[in-house]
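A quick write-up on the structure given underneath.
2 protein chains.
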Amino acid sequence: MAQRRAEALSRARIIETAVELLDADGESGLTFRALTERLATGPGAIYWHVANKGELLDAATGAVVAAALAVERAAESPQDEVRAVALGLFDAIEDHPWLAAQLSAQLSRGPAGPVAPKIFESIGRHVRDLGVPKGSWFTATSALVHYVLGAAGQNAANARVVKAGTDRSEFLDAVSTAWEALDAEEYPFARAVAEEMRDHDDREQFLAGVDLILTGIGTVHALD
Amino acid sequence: MAQRRAEALSRARIIETAVELLDADGESGLTFRALTERLATGPGAIYWHVANKGELLDAATGAVVAAALAVERAAESPQDEVRAVALGLFDAIEDHPWLAAQLSAQLSRGPAGPVAPKIFESIGRHVRDLGVPKGSWFTATSALVHYVLGAAGQNAANARVVKAGTDRSEFLDAVSTAWEALDAEEYPFARAVAEEMRDHDDREQFLAGVDLILTGIGTVHALD
DNA sequence: ACCTGAACACCGTTCAAGT
DNA sequence: ACCTGAACACCGTTCAAGT
Numbered sequence: 391m392a393q394r395r396a397e398a399l400s401r402a403r404i405i406e407t408a409v410e411l412l413d414a415d416g417e418s419g420l421t422f423r424a425l426t427e428r429l430a431t432g433p434g435a436i437y438w439h440v441a442n443k444g445e446l447l448d449a450a451t452g453a454v455v456a457a458a459l460a461v462e463r464a465a466e467s468p469q470d471e472v473r474a475v476a477l478g479l480f481d482a483i484e485d486h487p488w489l490a491a492q493l494s495a496q497l498s499r500g501p502a503g504p505v506a507p508k509i510f511e512s513i514g515r516h517v518r519d520l521g522v523p524k525g526s527w528f529t530a531t532s533a534l535v536h537y538v539l540g541a542a543g544q545n546a547a548n549a550r551v552v553k554a555g556t557d558r559s560e561f562l563d564a565v566s567t568a569w570e571a572l573d574a575e576e577y578p579f580a581r582a583v584a585e586e587m588r589d590h591d592d593r594e595q596f597l598a599g600v601d602l603i604l605t606g607i608g609t610v611h612a613l614d
Numbered sequence: 391m392a393q394r395r396a397e398a399l400s401r402a403r404i405i406e407t408a409v410e411l412l413d414a415d416g417e418s419g420l421t422f423r424a425l426t427e428r429l430a431t432g433p434g435a436i437y438w439h440v441a442n443k444g445e446l447l448d449a450a451t452g453a454v455v456a457a458a459l460a461v462e463r464a465a466e467s468p469q470d471e472v473r474a475v476a477l478g479l480f481d482a483i484e485d486h487p488w489l490a491a492q493l494s495a496q497l498s499r500g501p502a503g504p505v506a507p508k509i510f511e512s513i514g515r516h517v518r519d520l521g522v523p524k525g526s527w528f529t530a531t532s533a534l535v536h537y538v539l540g541a542a543g544q545n546a547a548n549a550r551v552v553k554a555g556t557d558r559s560e561f562l563d564a565v566s567t568a569w570e571a572l573d574a575e576e577y578p579f580a581r582a583v584a585e586e587m588r589d590h591d592d593r594e595q596f597l598a599g600v601d602l603i604l605t606g607i608g609t610v611h612a613l614d
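Rendered as structure tokens:
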């Protein structure tokens, strides 16, 4: 399967290939062996452009996030802008299911990397436009960012399962049935929401959560 | 460093040792080599009790989460109960920084495992007591769960850095300075919140986010 | 039923050597 | 400056053999 080298090796081309491997086979699909084969080169050549695997993963994550955030969307209000950015990340995680774990790993390694400020910026500037007082910008934006990444990540599981061949409704049905089978004493709530899970719309549900937080922000700060 | 075997090998003892290794050296600290050395046994013995490394990680995660959720706390209202559960998970992630990535990995693999219903149950039953209409239980609970896990995970980064010897305020100072050094055109918001980040209290900030979502839930459903 | 431990396939990374 | 590719240390997992 080794291909002739089409272009000269470069950091950008390595990252691009890494994203392809991740999309195709998930995190375990990105190995230096697979990379050298696709790029028709040796490991040493890759190490010339990239410090190590961690840096490569960070770069792949950064590239995909940057592309997702760069998309312009029509929006009529700060609330709409937040929804648009949120959906952009939601879609990116749906297209690249490995992104969810990678993002939370990178964020939980600290806000030092380049991805954290990028995401905070693209959501936070609209929180600011909402009229939230400055002292609450960080809290309000964090709540939105954490929800968006968490919820989108959960959704990525569905995307992965569907990709693997199982039908979506079949999958939700299986999970729903599993929750209904839980102990009645210990899990009354999980059993009660199992039904709700069976035929919910992912996107709708996701946006409902965003709106819930936007409402909270609006109420606490009594906007307009 | 190999120790004499103190008790008979058992699944519980393997999981317990796995947690110790994870606490000491993070996810990369959990290897079958380290495990066999501590338990004074061979890999085959461990595979008799545990199917593979993934199952072991899931079990370690489940054990720590179960312990965290089992702690009883004084609470005077459903809101207070939610805050108590949230803080319990916050503390658990602070004590076991590897838990954050593990939890989001497990949740994003789908709500099939045992951890997802456990967390949903412990938060959701109080959402129900809040008076939220049944059709919104899942959305409201999801928003809380995703925020709690995401925010606590971000906080775990601090804990890890402090553990490594760096002073907390020194660390926040460094990140804050890094954000202030970002491009003024591209990152006006990140630069503006950098200051806020410098001397925020993690716990306070975390609970403010929980309250924001609780307010959103209360407003949307016009409770009491 | 439970454990031993050598062996296997695979991984990230290094480095002396080439151009 | 950029690339080659053999070699190294380490990993998860298997399995024939023991008790």
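Residue numbers (the working numbering), protein chains in the order written: chain A, 391 to 614; chain B, 391 to 614.
Each residue gets a CB set at the ideal place from its N, CA and C atoms; glycine is no exception.
Query, Result
"Is the beta carbon of B:I603 sitting closer than 8 Å to the one on B:L497?", "no"
"Of the residues A:A495, A:E576 and A:D415, which one's Cα is nearest the Cα of A:T451?", "A:A495"
"Give me the Cα-Cα distance between B:G478 and B:L539, rounded to the nearest whole angstrom.", "11 Å"
"Is it buried or exposed for A:V409, if we count other Cβ within 10 angstroms and need 16 for buried?", "buried"
"Just confirm the distance between the C-beta atoms of A:A547 and A:E570, as a whole number of angstroms; I'd bet it's less than 8 Å.", "Not really, about 19 Å apart at Cβ, beyond 8 Å."
"Starting from B:H486, find everything on chain A with Cβ-Cβ shorter than 9 Å and list it in chain order.", "Chain A residues near B:H486: none, gap ~12 Å exceeds 9 Å."
"Need the endpoints of the alpha helix (DSSP H) that A:R423 sits in, please.", "F422 to R428"
"Kindly indicate which residue of A:R423, A:D470 and A:G599 has the alpha-carbon position closest to the one of A:L411.", "A:R423"
"When DSSP labels each residue in this structure, what does B:T567 get in the three-state scheme?", "helix"
"Rounded to whole angstroms, how far is the Cβ of B:A564 from the Cβ of A:E511, which I believe are closer than 8 Å?", "Going by Cβ atoms, the distance from B:A564 to A:E511 rounds to 19 Å, so no, they are not a contact pair."
"Who are the Cβ neighbours of B:L597 in its own chain at under 7 Å, not counting the five residues just before and after it?", "R473"
"Inspect the beta-carbon positions of B:A549 and B:E484 and report whether they are closer than 8 Å.", "yes"
"Is B:V455 closer than 8 Å to B:K508 when the C-beta atoms are compared?", "yes"
"Could you check if A:G432 is buried or exposed, using at least 16 other CB atoms within 10 Å of its CB as the buried criterion?", "exposed"
"Just the Cα atoms here: how many angstroms apart are B:I405 and A:D519?", "49 Å"
"Note down, in chain order, every chain A residue with its Cβ under 7 Å from the Cβ of B:Y437.", "Ordered by position in chain A, no residue passes the 7 Å Cβ test against B:Y437, which lies about 20 Å from the chain."
"Considering only their Cβ atoms, is the gap separating B:S532 from A:A541 smaller than 8 Å?", "yes"
"Within the continuous alpha helix (DSSP H) that includes B:G500, where are the two ends?", "Run containing B:G500: none; DSSP gives neither H nor E here."
"When burial is assigned at 16 or more other CB atoms within 10 Å of the CB, is B:V600 buried or exposed?", "buried"
"Going by beta carbon distance, what residues of the same chain come within less than 7 Å of B:L618, once the five residues before and after it are set aside?", "Absent from the model: residue 618 of chain B. The displayed extent of chain B is 391 to 614, so no value can be given."
"What is the residue span of the alpha helix (DSSP H) that B:L411 lies within?", "R401 to D415"
"Who are the neighbours of B:F510 on chain A, taking C-beta pairs under 8 Å?", "F579, A580 and V583"
"Return helix, strand or coil for B:P468, following the three-state DSSP convention.", "helix"
"So which residues on chain A does B:R515 lean against when the C-beta distance must stay under 8 Å?", "P578 and F579"
"Checking 8 Å against the spacing of the C-beta atoms, do A:G609 and B:T609 come in under that value?", "It is Thr, not Gly, that sits at residue 609 of chain A in the sequence shown. Yes. Within cutoff."
"Is there at least one Cβ from chain B nearer than 8 Å to A:T451's Cβ?", "no"
"Measuring straight from C-alpha to C-alpha, what distance separates A:A398 and B:Y437?", "46 Å"
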